[in-house]
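Chains A and B supply the protein sequences, listed in that same order.
Quick note: the working numbering has the first sequence finishing at residue 210, numbered continuously throughout.
Quick note: the working numbering has the second sequence finishing at residue 420, numbered continuously throughout.
Below is one structure; the comments refer to it alone.
Protein chains: 2
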Amino acid sequence: MTPRPESTTRRPGRRPGPARSREDILRAAQSVFAARGYEGSTVREIARRADVDAALVHYFFGSKRGVFAAAVSDALRPAELAPAVLHGDPDGLAERMLRRFLTRWESPEQRRPMLAIIRSAVSNEVAAAQLSEFITDEVLGLLVGSVPADHAPVRATMVGSQLIGLIMVRYIVKVEPLASVDTETLVRLTAPAIQRYLTTDAPSGRSPDP
Amino acid sequence: MTPRPESTTRRPGRRPGPARSREDILRAAQSVFAARGYEGSTVREIARRADVDAALVHYFFGSKRGVFAAAVSDALRPAELAPAVLHGDPDGLAERMLRRFLTRWESPEQRRPMLAIIRSAVSNEVAAAQLSEFITDEVLGLLVGSVPADHAPVRATMVGSQLIGLIMVRYIVKVEPLASVDTETLVRLTAPAIQRYLTTDAPSGRSPDP
DNA sequence: TGGCGAACTCAACGCCGAATGAAATTCACA
DNA sequence: TGTGAATTTCATTCGGCGTTGAGTTCGCCA
Chain A
1 MTPRPESTTR RPGRRPGPAR SREDILRAAQ SVFAARGYEG STVREIARRA
51 DVDAALVHYF FGSKRGVFAA AVSDALRPAE LAPAVLHGDP DGLAERMLRR
101 FLTRWESPEQ RRPMLAIIRS AVSNEVAAAQ LSEFITDEVL GLLVGSVPAD
151 HAPVRATMVG SQLIGLIMVR YIVKVEPLAS VDTETLVRLT APAIQRYLTT
201 DAPSGRSPDP
Chain B
211 MTPRPESTTR RPGRRPGPAR SREDILRAAQ SVFAARGYEG STVREIARRA
261 DVDAALVHYF FGSKRGVFAA AVSDALRPAE LAPAVLHGDP DGLAERMLRR
311 FLTRWESPEQ RRPMLAIIRS AVSNEVAAAQ LSEFITDEVL GLLVGSVPAD
361 HAPVRATMVG SQLIGLIMVR YIVKVEPLAS VDTETLVRLT APAIQRYLTT
411 DAPSGRSPDP
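Now the structure itself:
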C-alpha cells in the first residue's frame, strides 16, 4: 500500500531500489478487472494505476490475456475452504461453509480477484470455464464423504448456484434490502436452504438418466 | 426471419419497399448484446448483422447506449408473470412460478434480451440498476397478498438470488451437470427451496433493525 | 571495476471504436 | 405530378486500443 514516490517526470531505464513493479501491476490488474470485467478493462488503465508504462505490462505478462490469467490465478489458488469446515456435525455443515464464504467476500481485499472472475466470466469463454471448474472442484470437495456419491454433483452445483446468486444480488447487482443486510441475518436466511441441498433425501420420482 | 435480398453492392439512399431496418437493428442488437455484453459489443457488429450501415444505427437510436436501452426495454416490458401464477393453492406457488420462469428461459427467442441485461449488468451501472429494479418489481409483485408484508422484500430478494444463481450456473457459466439437466428435474430440485423462502415462518432470533 | 542482463520508458504502428455531416434515394401526400 | 420528409449510405474525424522495437538506466556478479 505504500505509494511510490511522486511520478512528476520519469526517465527511461530501470528505477533505483528494489523492483516491485511486477507486483504493483498485478494488484492494479486485480482492481481494474474486478471493476470493469475483462472486455471493459484496458492495459493502459492498469498501467496508469500501477504508475508504470503500458509497455511494461507486456514486458512482464506478454498480453492482456496474460495479465488476466496471472491476476486471477494469483489470488484464487489458496481457496482452502475445506479443512476447517468439514469436521463438526453434518447438520451444521452449510452454516460453517456459508460463514467461511461470506467472510471472504466481506473483505474487499479478498473479494477483488473473485469479482474479477465473475465479471469476466459472464462474457468471456475462458474465464467462464475457469469459474466453472472452480465451483465444481471447490464445492464438490466439501461434499465428499458427507453425501451419497451418486447425487453429489447435482447437489454441489445447486449449492453453487445459490452462492453465486447471493453474490450477484448482494455484491454486483446490489438489490436491496439484501445488499445491506448484515451477514448474521444472511446466514440465518440462507443456511437452511443450502443445508437442504446438501443432506435432504434425493428428489423423488425417477432419477436423471446416467 | 425472412432474410433480406442479397447485399452485394448497395447504393446510398432509401431502399425500396417497406422500411424494416429499425426492427432488424433491434433484433440484431439483442443478439449481440446477449452474446457479448455491453462493453464487448460494437455498433459496427450490430449494423453488420442487421445488414445495414453503422450510421443508420445512430440515426435511429442516437448512441450505443441508446440502442442498448431500446433493445432490452423492447422485450422486457411484457413480463406478466403474475396473473396466471398467483391463484391456486399457496403451497404450489413456487412451482408454478418456477415453471413459468424456466419456460421463458428455455426459449432462445425470449432468453436473448434477458441474457443481454444480465451480461451487461455485471459491468455496467445502468444495466445493473435496471436489473435490480426488474427483480424487485417482478418478484415482489408475486408475493403481494401471499406473504406477511413486513418480510416480503427480504423474501423476494432471496427468491431472486436463487433464480439468478440458477441462470448463471445453467445458461452463462454452464456448470455441469446442472447445465444439461432437464427442466422437470430442475423444478423438483429447486421448487422446495424457493417455496421455503416464500412461506416458511420468519427467521427466528431478533428481527433485522428497521 | 567492468560488463551483462534485468527493469524500465518512448515513440510509433496499425487497427478499430463511436460518432457526425452531407449527399442520394424512395415514400407519401397534396 | 411534384415536393418535403423519411430512410439510407459514404466519407471522414477523432480518439483510444493492444502491441512492438529500440533505447536508457540500474543491480549484480566475476
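We put the beta carbon where it would ideally sit given N, CA and C, even for glycine.
In this text, all values refer to a predicted model and were calculated from it rather than measured experimentally.
Asked: Amino acids of chain B, ordered along the chain, whose beta-carbon sits closer than 7 angstroms to that of S132(A); Found: V383, K384, V385
Asked: D209(A) to V397(B) span [Cα, whole Å]; Found: Since pLDDT at D209(A) reaches only 40, below the 50 mark, its modelled position is unreliable, and the value read off the structure follows with that caveat. Cα to Cα, the separation comes out at about 16 angstroms.
Asked: Segment limits, alpha helix (DSSP H) that includes S31(A); Found: 21–40
Asked: Residue nearest to A337(B) in terms of C-alpha spacing, selected from S241(B), P323(B), R258(B); Found: P323(B)
Asked: Length-filtered (4 minimum) alpha helix (DSSP H) runs lying within the stretch 93–174 of chain A; Found: 93–106, 108–121, 125–143, 152–167
Asked: Cβ neighbour criterion (16 or more within 10 Å) applied to A116(A); Found: buried
Asked: Alpha-carbon to alpha-carbon, A265(B) and R221(B); Found: 14 angstroms
Asked: Exposure label - D24(A); buried when at least 16 CB within 10 Å; Found: buried
Asked: V72(A) - DSSP class collapsed to helix/strand/coil; Found: helix
Asked: C-beta neighbour in chain A for R259(B), strict 8 angstroms; Found: no
Asked: Beta-carbon proximity of V175(A) to G375(B), cut-off 8 angstroms; Found: no
Asked: Within 8 angstroms of chain B by C-beta, residues of the stretch 93–120 of chain A in sequence order; Found: I118, R119
Asked: Local Cβ density within 10 Å of Y59(A), reported as buried at 16 or more and exposed below that; Found: exposed
Asked: Beta-carbon separation (whole angstroms), R155(A) vs L93(A), contact threshold 8 angstroms; Found: Not a contact, Cβ separation roughly 11 angstroms.
Asked: Where D301(B) falls: helix, strand or coil (DSSP); Found: helix
Asked: Backbone CA spacing between Q320(B) and D299(B) [nearest angstrom]; Found: 28 angstroms
Asked: Residues that T157(A) contacts on chain B, provided the C-beta gap is smaller than 7 angstroms; Found: V379, V385, P387, L388
Asked: Unbroken alpha helix (DSSP H) run spanning T409(B), endpoints; Found: 393–409
Asked: Option nearest Q30(A) by Cα separation, candidates P153(A), L178(A), A50(A); Found: A50(A)
Asked: Contact under 8 angstroms by Cβ, Q162(A) with Q372(B); Found: yes
Asked: Residues near M158(A) by beta carbon distance below 7 angstroms, same chain, minus five either side; Found: Y197
Asked: Listed by chain order, chain A residues near L376(B) by CB distance under 8 angstroms; Found: S161, G165
Asked: Cutoff 7 angstroms; reference F271(B); Cβ partners in own chain excluding five residues on either side; Found: V277, A280
Asked: Three-state class that DSSP yields for M389(B) in the structure shown; Found: Strictly speaking, residue 389(B) in this sequence is Ala, with Met absent from that position. Coil, per DSSP.
Asked: Span separating the alpha-carbon of R246(B) from that of I118(A); Found: 14 angstroms
Asked: Min CB distance G415(B) to chain A below 8 angstroms; Found: Its pLDDT being 41, under 50, G415(B) is placed unreliably by the model, and nothing is read from it.
Asked: Separation of I256(B) from V242(B), as counted between CA atoms; Found: 6 angstroms
Asked: Residue-chain proximity (G223(B), chain A), Cβ-Cβ < 8 angstroms; Found: no
Asked: Per-residue contacts from G247(B) into chain A (C-beta, under 8 angstroms); Found: G37, E39, V122, S123
Asked: 7 angstroms Cβ cut-off: residues of chain A touching I345(B); Found: V175
Asked: Contact with chain B by P208(A), beta-carbon distance below 8 angstroms; Found: Confidence in P208(A) is poor, its pLDDT being 41 and thus under 50, which makes the residue's placement unreliable; the coordinate value appears in the next sentence. Yes, P208(A) counts as interfacial toward chain B.
Asked: Closer than 8 angstroms at the beta carbon, the chain B residues around A128(A); Found: I382, V383, K384
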